[in-house]
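Student:
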Amino acid sequence: MRLILLLFGTTLATLIGLLNHASETMSMDFNDCRVMVDDIAGSYEGDCSKGKAHGQGKAIGKDTYVGEFKKGYPDGQGTYTWINGNYYEGEFIKGKREGEGKMVFASVKEDSVQAGYWEDDIYQGAQSSNSE
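Going by mature numbering (1 follows the signal peptide of the UniProt record, and there is no 0), the letters in the sequence shown line up with residues -22 to -1, 1 to 110, in that order.
Shown next as structure tokens:
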């Protein structure tokens, strides 16, 4: 009887461990997966790791972001769309525009585009600061 209980306990512990590991890497709904930027934290669909958006996903709050996430932040390639229709398409690091990208300012008559390089969420110009 002790052997049966020991085997049952070991099997149960192994299954719980496997389920915990699987839940860290599976896609989850927003209730289980946190987005760290307030303006896009409302609903989330996509990959999740350790309770935070991580991998490909879509976050919708006041604004919308579709793209790559790391540790809950937009990080990598993505598109961030503001409530007014303006959008940025390009690279992000820790939720900020960083690297090459394109900002489109939506207007009634004609859209205005600002393409180039961004550093710490600030437009730096058409040339990279690292180019010679």
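Cβ atoms here follow ideal geometry from the backbone N, Cα and C, with glycine treated the same way.
Do LYS30 and VAL13 count as a contact pair if the criterion is CB distance below 9 Å?
Tutor: yes
Student: Would DSSP call ASP41 helix, strand or coil?
Tutor: In the structure shown, the three-state DSSP call for ASP41 is coil.
Student: Can you tell me which residues form a DSSP beta bridge with LYS28?
Tutor: Bridge partners of LYS28: none, in fact.
Student: DSSP three-state label for ILE18, please.
Tutor: helix
Student: Would you kindly report the start and end of the unbroken beta strand (DSSP E) that includes LYS80?
Tutor: 74 to 83
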